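Remarks on the structure that follows.
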Amino acid sequence: MVPLLKIAVEGCGHGSLDIIYSALEKSCESKGWKLLDLDFLIICGDFQAVRNERDLNCMSVPSWHRKIGDFHSYYSGEKKAPVLTLVVGGNHEASSYLSELHHGGWLAPNIYYLGTVGILRYGPLRIVGLSGIYHSTDYTKPRQERLPYDKNEIRSIYHVRECDISKVLQLRSPIDIGISHDWPRRVEWFGDHKILFARRPHFLESVRDDRFGSAPAEQIMNHLRPKYWFSGHMHIKFTAKVQHKDNVDDILKDLEVPNELQAHIPKSMFSAPFRGDSQTRPPNVTNTVTNFLGLDKPGPHRDFLEVQEVTSCSYSEEDSAKPWMERTPEGRFTLHYDEEWLSILRSSDGGATTAYEPPEISLGDSEVSDTSAASRSLDWVQANITAKGLLRIPENFEKHAPVYDPNDQTNAKDQPDEFPNTQTEAFCTMLQIRNGFSVGEGDDEGSDNLVFG
Ligand SMILES: [Zn+2]
C-alpha cells in the first residue's frame, strides 16, 4: 500500500513566513488536521531568504520595494519553522545566499532549499525542484555570476540554464512532484483558460506568441510526467490536468478550446517535441496525467495556500526496505538524497566548467557505453553513500552571514562577501566532486573562473 501524505503548497513566499505559517495553521484546522499532521510545506519561489540588509542589495527589485521581510528571524534562530518547508528559488531572491547552496541545503533549521535544480526523496515521494525563471537569451550561457553582481548579473543569476536542465533530463525513473517558480509553458490550455484570460487579459498576448511560462519546465514535465506540479510567479490560482498522450492528434480533441480561442493555440504545441518523445521517454514513466496547481502570493483575499493529500506514482513494493522509507520514532519520513540524481551529478562532476558542454548521456536508447557509465556512477553512489548510511540529508545548518541588526547600518548599501557554505563543502566532499563555489577559486591568476555549470 502506498501511504497518503499530507502536504501544503504556497505560491510565492515574498519574505512573509509569519503570515504563511499562521495561515497554514488555519488551513489545517479547516480540514480537521493539526499542523503536526503535515509532512511538509512547499514554497514555489520568491522566497526571499534575506539574512541581513546587505543581502537585499543582491535582490532584483527596485530599491524602494526592498523589504527585509521576516526570514532573518528564522535564520538567526529566534523563530523556527513549525513544519518542514521545501523551497525553490524565483526571480526575486537574495541570490547571494541561494547561490552558496547551488546543490541545495538548509537555509535555516527546518527550511530546505532544493538548489538550482534538485531531486529529493521523502518517503515514497520523489520530488524535482527547478529554481529561477526561463529567459531564452541566457539559457545556453554558463553559470558564472559571482559576487559582487553587476546590474546584468543580478538578473541573469536567476535565469534557468540548459546545463542544469540537461542533467534533469538524464533521469530514467519516475517523479511524483515537480516544482517550478514560473508555470510550465502551455499548462493554461489544460485548465479553465477562458476564466483565466477573462481575469488576466494580458496573459493572452504572451500566450499568442508562445512566450507564456517556462519551456524547460514544460520539457521536464513532459519527459517525467509527474503526478503533481506546483508553481507560483503569476500571482493567481489556477488548476489544470495536463494529459500526456503519445498520439498528439488526440490532444486538441480533448482540450475543448472554444472557437474564439482556437486561433491562439500555438501550432508547435501539437508537435512531438512538446509532448515528449515516446522513443526517448524512460520506459517506466507510465503516469498519464499531471495535476497542475499555480498559487498566488500571500495577502488578504488571495489564494496563496492549499493543503492536500498526495500519493506516489514512483513507488514500488521493492522500495519498501529502502533507506528513504525509514520513519523516525515519531513515525515521520525524513528528507533523503536521491541515488540517481547523485550519480548524474557525480558523472558530470558538478558541471564545474565555464563553457556549456552537451551532456554525455544521451536521451537516445542506443548509447550503450554512456548507459554503462551512468550505471558505474550509480554503483559508486550505492557503495559509497547508500551503504555507508549517508543518504539521509544531515541536519547540518550553520550560520555564516551576520544576523540582521536594525541598529547596525555598517556597509548596508554594499553587497555581501561570499560565504563558502559548509553544507556545499560537505556535499561536494561526500560526492567527491569539485566545489565551484569557494572563495578565491575565481581569483587565481591564469586559471579559468571555476563556476558551476
Ligand atoms: Zn511573486
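Taking UniProt numbering, the leading residue of the sequence shown gets 1, the next gets one more, and so forth. Beta carbons: idealized from backbone N, C-alpha and C, even for Gly. The structure presented is a predicted model; accordingly, all values stated were derived computationally and were not measured.
>> Taking DSSP's pairing of strands, which residues face C313 in a bridge?
In response: Here residue 313 refers to the residue found at position 313 when the sequence shown is read from its first residue. Here C313 is not bridged, per DSSP, to any residue.
> Alpha carbon to alpha carbon, how far is I177 from I127?
Replying inline: Numbered from 1 along the sequence shown, position 177 holds the residue referred to as residue 177. Numbered from 1 along the sequence shown, position 127 holds the residue referred to as residue 127. In a straight line, the C-alpha of I177 is about 5 Å away from that of I127.
>> Out of C12, C28, S22 and D39, which one is the CA nearest neighbour of K6?
In response: Reading the sequence shown from its first residue, position 6 is the one you call residue 6. For the residues C12, C28, S22 and D39, the minimum Cα distance to K6 belongs to D39.
> So is T429 buried or exposed if we call it buried at 16+ other beta carbons inside 10 Å?
Replying inline: Working through the sequence shown from its first residue, we reach residue 429 at position 429. T429 comes out exposed.
> Expressed to the nearest angstrom, what Euclidean distance is found between the alpha-carbon atoms of P329 and H193?
Replying inline: Position 329 of the sequence shown holds residue 329. Position 193 of the sequence shown holds residue 193. When rounded, the separation of the alpha-carbon atoms in P329 and H193 is 46 Å.
> Can G232 be considered in contact with ligand 1, in the sense that its beta carbon sits closer than 7 Å to one or more heavy atoms?
Replying inline: What you label residue 232 is simply residue 232 of the sequence shown in a count that begins at 1. Checking the Cβ of G232 against ligand 1 gives yes.
> When every heavy atom of ligand 1 is checked, does at least one fall within less than 7 Å of the C-beta of C12?
Replying inline: Counting from 1 along the sequence shown, the entry for residue 12 is found at position 12. C12: yes, Cβ under 7 Å from ligand 1.
>> Quick check: what's the CA-CA separation for P226 versus V289?
In response: On the sequence shown, position 226 is the one that residue 226 refers to. On the sequence shown, position 289 is the one that residue 289 refers to. Rounded to whole angstroms, P226 and V289 show a C-alpha spacing of 8 Å.
> Mind checking H233: buried by the 16 CB within 10 Å criterion, or exposed?
Replying inline: On the sequence shown, position 233 is the one that residue 233 refers to. It counts as buried.
> Under a three-way DSSP split, which group does F40 fall into?
Replying inline: As a working mapping, residue 40 is identified with position 40 in the sequence shown. The DSSP-derived three-state label of F40 is strand.
>> Under 7 Å: does the beta carbon of H65 sit that close to some heavy atom of ligand 1?
In response: For this step, residue 65 is matched to residue 65 along the sequence shown. It does not: the Cβ of H65 is nowhere closer than 7 Å to a heavy atom of ligand 1.
> Does the distance from the CB of C12 to the CB of G129 come in under 8 Å?
Replying inline: By one-based count along the sequence shown, residue 12 stands at place 12. By one-based count along the sequence shown, residue 129 stands at place 129. With contacts defined as CB atoms closer than 8 Å, C12 and G129 fail to qualify as a contacting pair.
>> I'd like the ranges of any alpha helix (DSSP H) spanning at least 4 consecutive residues and lying wholly in the UniProt domain "Lariat debranching enzyme C-terminal" (281 to 437).
In response: Correct list: 339 to 347, 368 to 381 and 422 to 431.
> Exposed or buried, what is T286 when buried is set at 16 or more other beta-carbons lying within 10 Å of its beta-carbon?
Replying inline: Here the question's residue 286 lines up with position 286 in the sequence shown. Exposed is the call here.
> Taking C-alpha atoms, which residue in D414, I433 and I393 lies nearest to residue 454?
Replying inline: A question about residue 454 goes unanswered here, because the residues of the chain that appear run from 1 up to 453.
>> Let's see if you can read the secondary structure: which residues bound the alpha helix (DSSP H) around L204?
In response: Along the sequence shown, read from residue 1 onward, the residue named residue 204 stands at position 204. Following the DSSP letters along the chain, one finds L204 inside the alpha helix (DSSP H) bounded by residues P201 to R208.
> Are A23 and L224 closer than 8 Å when you measure CB to CB?
Replying inline: Stepping through the sequence shown from its first residue, residue 23 is reached at position 23. Stepping through the sequence shown from its first residue, residue 224 is reached at position 224. No.
>> Spatial neighbours of Q423 within its chain, please: C-beta separation below 6 Å, excluding the five flanking residues on both sides.
In response: Residue 423 sits at position 423 when you count from the first residue of the sequence shown. Here Q423 has G105 and N396 as same chain residues with Cβ atoms under 6 Å from its own Cβ, once five neighbours each way along the sequence are excluded.
> Just the Cα atoms here: how many angstroms apart are W341 and Q409?
Replying inline: Numbered from its first residue, the sequence shown carries residue 341 at position 341. Numbered from its first residue, the sequence shown carries residue 409 at position 409. A direct Cα-to-Cα measurement between W341 and Q409 gives close to 42 Å.
>> Rounding to the nearest angstrom, what Cα-Cα distance links P148 and I157 in this structure?
In response: Taking the first residue of the sequence shown as 1, we reach residue 148 at position 148. Taking the first residue of the sequence shown as 1, we reach residue 157 at position 157. The straight-line gap from Cα to Cα measures roughly 12 Å.
>> So, does the region 17 to 33 touch the region 158 to 167, judging by three or more C-beta pairs under 8 Å?
In response: In short, these stretches do not touch, since the Cβ pair count stays below three.
> So, is Q48 buried or exposed, given that buried needs 16 or more other C-beta atoms within 10 angstroms?
Replying inline: Here residue 48 is taken as the residue at index 48 of the sequence shown, counted from 1. By the neighbour-count definition (other C-beta atoms within 10 Å, threshold 16), Q48 is a buried residue.
> Residues in its own chain within less than 6 Å of V87 by CB, not counting five upstream and five downstream?
Replying inline: For this step, residue 87 is matched to residue 87 along the sequence shown. Its chain contains I43, F47 and Y113 as the residues whose beta carbon lies nearer than 6 Å to that of V87, once the 5 sequence neighbours on both sides are disregarded; these appear in chain order.
>> Quick check on G32: buried or exposed, where buried means 16 or more other Cβ atoms within 10 Å of its Cβ?
In response: In the sequence shown, the residue the question calls residue 32 occupies position 32. Exposed: under 16 other Cβ atoms inside 10 Å.
> Per DSSP, W229 is paired with what?
Replying inline: As a working mapping, residue 229 is identified with position 229 in the sequence shown. Answer is G178 and F292, bridged to W229.
> Name the DSSP beta bridge partners of S214, please?
Replying inline: Numbered from 1 along the sequence shown, position 214 holds the residue referred to as residue 214. According to DSSP, S214 shares a beta bridge with P184.
>> Classify P416: buried if its beta carbon has 16 or more other beta carbons within 10 angstroms, exposed otherwise.
In response: Numbered from 1 along the sequence shown, position 416 holds the residue referred to as residue 416. Looking at its Cβ environment, which holds 16 or more other Cβ atoms inside 10 Å, P416 is buried.
>> Can you find the residues in the same chain that come closer than 6 Å, C-beta to C-beta, to L84, ignoring five residues on each side of it along the sequence?
In response: The count along the sequence shown starts at 1 and reaches residue 84 at position 84. The residues are F40 and N110.
>> Beta-carbon within less than 6 Å of Y404's beta-carbon, same chain only, minus the 5 sequence neighbours each way: which residues are those?
In response: What you label residue 404 is simply residue 404 of the sequence shown in a count that begins at 1. Here the set comprises N52 and H72.
>> Since W380 and R121 should fall inside the 8 Å C-beta cutoff, what is the C-beta to C-beta distance between them, to a whole number of angstroms?
In response: By 1-based counting over the sequence shown, the position of residue 380 is 380. By 1-based counting over the sequence shown, the position of residue 121 is 121. Actually they are not in contact, since the Cβ atoms of W380 and R121 sit about 18 Å apart, beyond 8 Å.
>> If you reduce the DSSP assignment to three classes, tell me which class L147 lands in.
In response: Your numbering for residue 147 matches position 147 in the sequence shown. In the structure shown, L147 sits in coil (DSSP, three-state: anything other than H, G, I, E or B).
> Between the beta-carbon of G77 and the beta-carbon of S16, is there less than 8 Å?
Replying inline: Here residue 77 corresponds to residue number 77 of the sequence shown, with the count starting at 1. Here residue 16 corresponds to residue number 16 of the sequence shown, with the count starting at 1. Between G77 and S16, the CB-CB gap reaches or exceeds 8 Å.
> What's the C-alpha gap between I175 and A412?
Replying inline: Your numbering for residue 175 matches position 175 in the sequence shown. Your numbering for residue 412 matches position 412 in the sequence shown. For I175 and A412, the gap between their C-alpha atoms comes out near 43 Å.
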